[in-house]
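K.L.:
I have a structure here, written as structure tokens, and I will follow up with some questions on it.
See below:
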């Protein structure tokens, strides 16, 4: 509970449950009790929204990971068949042996890197406090589709890939970062609740944005 809400609740409780000496005192006590009930309902709604956002994010990650695993299995089976055919051809034709070259570790991010090809501009900078693990010089504005919200992609510590959301009129942005390996498997999802709610999903080439509870990132790319 924010300090301001706690102070307000404490003041209302003193009025609602304190002694009354006049009809005016009783009216103020009744109004304070009504306001306390409103605060209870508001806090319960905020908790439900946060719990739903967390469940939506987990569900989106699981669905995305399942699709990627299924596609990976199909690709690996096709590659295995092609490998057997290629090996048979190699044995028959006896070509000279060639050493394989390891993949660049940066390939784990795939098309995600294209978001950072252009130089950062003023509109790409987040005009609020960023978590320390996000590199502010890498932020790129990617969506303003949700009224009152801006969505950015960015880089974090150890080459992590991050989604950042910021609600207009607030002083802090919210960020979610994952390692390149996790990103390659299931992308990155973020959800946040302010005066309204937002969910965003980044899978490399695309960033999907919607309200909490929508199926961002759950459709086929």
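Numbering (the working numbering), first residue to last: 1061 to 1281. By construction, the Cβ of each residue, glycine as well, lies at the ideal position given by its N, Cα and C atoms.
1. Which residues in the same chain have their Cβ closer than 8 Å to the Cβ of residue 1089, if we skip the five residues on either side of it in sequence?
2. Within the continuous alpha helix (DSSP H) that includes residue 1245, where are the two ends?
3. Which word fits residue 1133, buried or exposed, when buried means at least 16 other C-beta atoms lie within 10 angstroms of its C-beta?
4. Going by C-alpha to C-alpha distance, which of 1263, 1258, 1248 sits closest to residue 1272?
5. From this set, 1092, 1204, 1252, 1248, which residue's C-alpha is nearest residue 1125's C-alpha?
6. To the nearest angstrom, report how far apart residue 1201 and residue 1094 are at their CA atoms.
7. Rounded to whole angstroms, what is the Cα-Cα separation between residue 1100 and residue 1197?
8. Buried or exposed: where does residue 1227 fall if 16 or more other Cβ atoms within 10 Å of its Cβ makes it buried?
9. Taking the Cβ atom as the reference point for each residue, do residue 1199 and residue 1177 lie within a distance shorter than 8 Å?
P.N.:
Result, derived from the coordinates:
1. Residue numbering aside, residue 1089 sits at position 29 when the chain shown is read from its first letter. 1075, 1076, 1077, 1078, 1080.
2. Position 185 of the chain shown holds residue 1245. Element bounds for residue 1245: 1240-1246.
3. As a first step, residue 1133 must be located in the chain shown, where it is residue number 73. It counts as exposed.
4. Residue 1272 sits at position 212 when you count from the first residue of the chain shown. Looking at the Cα atoms, 1258 is the closest of the given residues.
5. Numbered from 1 along the chain shown, position 65 holds the residue referred to as residue 1125. Ranking 1092, 1204, 1252, 1248 by Cα distance to residue 1125 puts 1248 first.
6. To locate residue 1201, count along the chain shown from 1; it is residue 141. To locate residue 1094, count along the chain shown from 1; it is residue 34. Each residue's Cα considered, the two are about 43 Å apart.
7. For the purposes of this step, residue 1100 is taken as the residue at position 40 of the chain shown. For the purposes of this step, residue 1197 is taken as the residue at position 137 of the chain shown. Rounded to the nearest angstrom, the two C-alpha atoms are 41 Å apart.
8. Against the chain shown, residue 1227 aligns to sequence position 167. With 16 or more other Cβ atoms within 10 Å, it is buried.
9. Counting from one through the chain shown, the residue named residue 1199 turns up at place 139. Counting from one through the chain shown, the residue named residue 1177 turns up at place 117. Not in contact: residue 1199 and residue 1177 (Cβ atoms no closer than 8 Å).
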